Amino acid sequence: MLKKMMALSGSLLLTVGLLSGCGSSGGTDASKESAGGKEDLKTVTINMFTASPEYTDAFNAYIEEYKKVKPNVKINLEIMQADYNTILKSKIASGSTPDVFQTTAGGDIDTYADYSADLTNEPLAAAMTDAVRANMSSSDGKVLGLPVKGNLFTLIYNKDLLTKAGVSSPPKTIAEMQDAVTKLEAKGITPFANAYKEWWVWKHIFQHYVDAAAQDAGVEPKQLVSDFIAGKAKIKDYPVLYNNFFNFIDLTVKHGTDKPLERDSNAEVSDFASGKAAFMTGKGAWDEEAIKKINPDLKIGIMGYPVSDKADQSVIITGADQALRINKDSEVSKETIEFFNWLYTSEYGKNWFSQVAKVIPPIKDAPLPDLEMPKEMESILKTSKSGDLSVNYSLDTFHQKFGELMQAYISGNMNKDQAVAEIEKAWVQLGSAQ
Numbered sequence: 002m003l004k005k006m007m008a009l010s011g012s013l014l015l016t017v018g019l020l021s022g023c024g025s026s027g028g029t030d031a032s033k034e035s036a037g038g039k040e041d042l043k044t045v046t047i048n049m050f051t052a053s054p055e056y057t058d059a060f061n062a063y064i065e066e067y068k069k070v071k072p073n074v075k076i077n078l079e080i081m082q083a084d085y086n087t088i089l090k091s092k093i094a095s096g097s098t099p100d101v102f103q104t105t106a107g108g109d110i111d112t113y114a115d116y117s118a119d120l121t122n123e124p125l126a127a128a129m130t131d132a133v134r135a136n137m138s139s140s141d142g143k144v145l146g147l148p149v150k151g152n153l154f155t156l157i158y159n160k161d162l163l164t165k166a167g168v169s170s171p172p173k174t175i176a177e178m179q180d181a182v183t184k185l186e187a188k189g190i191t192p193f194a195n196a197y198k199e200w201w202v203w204k205h206i207f208q209h210y211v212d213a214a215a216q217d218a219g220v221e222p223k224q225l226v227s228d229f230i231a232g233k234a235k236i237k238d239y240p241v242l243y244n245n246f247f248n249f250i251d252l253t254v255k256h257g258t259d260k261p262l263e264r265d266s267n268a269e270v271s272d273f274a275s276g277k278a279a280f281m282t283g284k285g286a287w288d289e290e291a292i293k294k295i296n297p298d299l300k301i302g303i304m305g306y307p308v309s310d311k312a313d314q315s316v317i318i319t320g321a322d323q324a325l326r327i328n329k330d331s332e333v334s335k336e337t338i339e340f341f342n343w344l345y346t347s348e349y350g351k352n353w354f355s356q357v358a359k360v361i362p363p364i365k366d367a368p369l370p371d372l373e374m375p376k377e378m379e380s381i382l383k384t385s386k387s388g389d390l391s392v393n394y395s396l397d398t399f400h401q402k403f404g405e406l407m408q409a410y411i412s413g414n415m416n417k418d419q420a421v422a423e424i425e426k427a428w429v430q431l432g433s434a435q
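Numbering-wise, the sequence shown is residues 2 to 435 according to the numbering used here.
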């Protein structure tokens, strides 16, 4: 259980924004004149604790808008830039669970189930797309989270650079990718920009290979991941994982930007946006605005990873991997649920995702943002399926260890078989909350 995992931490919190006053949940009475006389409105404060600093301005915007709807509701926004999970566990262990907090989706929906309000019958749950609702649901079918955004995981490419190299269409197979690399380098173009200093980019790449391995085995990705967590599966038994995944990583290191373990997310975006590389690995739709700020004229394309020699296994992946949770024991849980029902069902909310946050809406009947990647996603999904968001079936405790092991592999401190053995061990030890 999560409670057994927690340790108190002395880390300092970085408060990005405190909005509409301070204080703990609860409130005082405020008076308001109404047509029928004097009406007492209780002033309540909702404390939000999140791990998405990139959406600070967007969160501020919907908080300000909600003041017009419920002027008696004050919302404090606290955002961590580092050590979020450690601080969250410390808060919960000390009995100061925030009214709203953020976790990853999938397996962590169950990890924090004891602290999460059941949203199954709320309007916000009905508003979610089917795929997103599944990502927000516990193993017994309860909706215990609400999505920060819909997401897109893909290889990103520079259309002009591929055209310059004579690559007429994005490669879908291993052989086609090898050919593209040869053609790019013949024109003096570096094929890959990487951010291998980050632990989380590794899971974004690996999940494409997990999906293909599951397909080859005739099982669902969730079942394959469960088998790894149970220690029943071995990576060597799945050539897509043992051979193709590691070969692709080797390819991106050999034919990528220099010093990959020193390149973080921002460096990768800069490398790609400035035309230093044709493909960007381990990323997704959230990077488009940053790319466009550097190079507004760059023509962005999206594609599945060429995971095998089967072109139909090269697919983009969509879904929701981050969840907000409402503390079920909060004194203001009713008001908090009311707030998010407004955001997920009102006309303002439907437009907030695309026009303010500029993310892929996780709800039905909402417009897409005016960005290239979501538009290409919509076009691709008209004729091609989306892959399974299989990162959701393991906890981020495993994914972080996985990233660290892959960093050790490309640094030469661990060979492939050693990395594989340690990955399998980590999957059993850290893959689930059990």
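Cβ atoms here follow ideal geometry from the backbone N, Cα and C, with glycine treated the same way. All values derive from a computational prediction rather than experimental measurement.
- Inter-residue distance for K351 and P240 is about 43 Å (C-alpha atoms, whole angstroms).
- By the CB criterion at 7 Å, M415 and A422 fall outside the cutoff.
- Residue state for Y113 is assigned as coil, using DSSP reduced to three classes.
- Per DSSP, E79 is one residue of the beta strand (DSSP E) stretching across 74-80.
- In this structure, the CA atom of A312 is about 13 Å from the CA atom of Q216.
- Exposure of A176 is indicated by the presence of fewer than 16 other C-beta atoms within 10 angstroms of its C-beta.
- One thing to note: A181 has its Cβ no nearer than 7 Å to the Cβ of S334.
- Taking each of W428, K359, N393 in turn and checking the Cα distance to A59, the smallest one comes out for K359.
- One Cα belongs to I381, the other to F341, and the distance between them is close to 31 Å.
- Here DSSP, grouped into helix, strand and coil, assigns G285 to strand.
- Looking only at Q419, D389, E348, G302, the smallest Cα-Cα distance to Y63 is reached by E348.
- Inter-residue distance for K376 and E289 is about 12 Å (C-alpha atoms, whole angstroms).
- By the beta-carbon neighbour count (other beta carbons within 10 angstroms, threshold 16), K204 is buried.
- At a Cβ-Cβ threshold of 7 Å, I318 and G388 count as neighbours.
- Within the DSSP bridge table, the entry for I327 names V101 as partners.
- Membership of V144 in any beta strand (DSSP E) is not indicated, and neither H nor E is assigned to it by DSSP.
- When secondary structure is reduced to three states using DSSP, K173 falls in the coil class, being assigned neither helix nor strand.
- If you ignore the 5 residues before and after A231, its C-beta comes within less than 8 Å of the C-beta of V429, all in its own chain and listed in chain order.
- Counting only runs of 3 or more residues that sit fully inside the region 238-289, the beta strand (DSSP E) segments are 278-285, in chain order.
- Sequence-distant Cβ neighbours of V357 in its own chain, meaning closer than 6 Å and more than five residues away, are A59, A62.
- Here Q224 is exposed, its C-beta having fewer than 16 other C-beta atoms within 10 Å.
- In the DSSP assignment, P368 falls outside any alpha helix (DSSP H), carrying neither H nor E.
- Annotation for P222: the continuous alpha helix (DSSP H) segment containing it runs 222-230.
- By the neighbour-count criterion, in which 16 or more other beta carbons inside 10 Å mark a residue as buried, K188 falls on the exposed side.
- Across the set G320, E339, G404, I303, the C-alpha of I303 shows the shortest separation from the C-alpha of S170.
- Distance from the CA atom of A213 to the CA atom of A114, rounded to whole angstroms, is 30 Å.
- The beta-bridge partner set that DSSP reports for F154 consists of G285, I318.
- Boundaries of the alpha helix (DSSP H) around M407: 397-412.
- Rounded to the nearest angstrom, the gap between the Cα atoms of F229 and V70 is 48 Å.
- Taking a cut-off of 8 Å on C-beta distances, the region 325-333 does not touch the region 392-405, as fewer than three cross pairs fall below it.
- In the three-state reduction of the DSSP assignment, T183 falls in the helix class.
- Counting only the Cα atoms, F247 lies some 18 Å from S391.
- Membership of P192 in the beta strand (DSSP E) is indicated by the continuous run 191-194.
- Judged by their CB atoms, G151 and I292 are not nearer to each other than the 7 Å cut-off.
- Per DSSP, reduced to three states, the secondary structure at G350 is helical.
- Straight-line measurement puts the Cα of P297 at about 35 Å from the Cα of G146.
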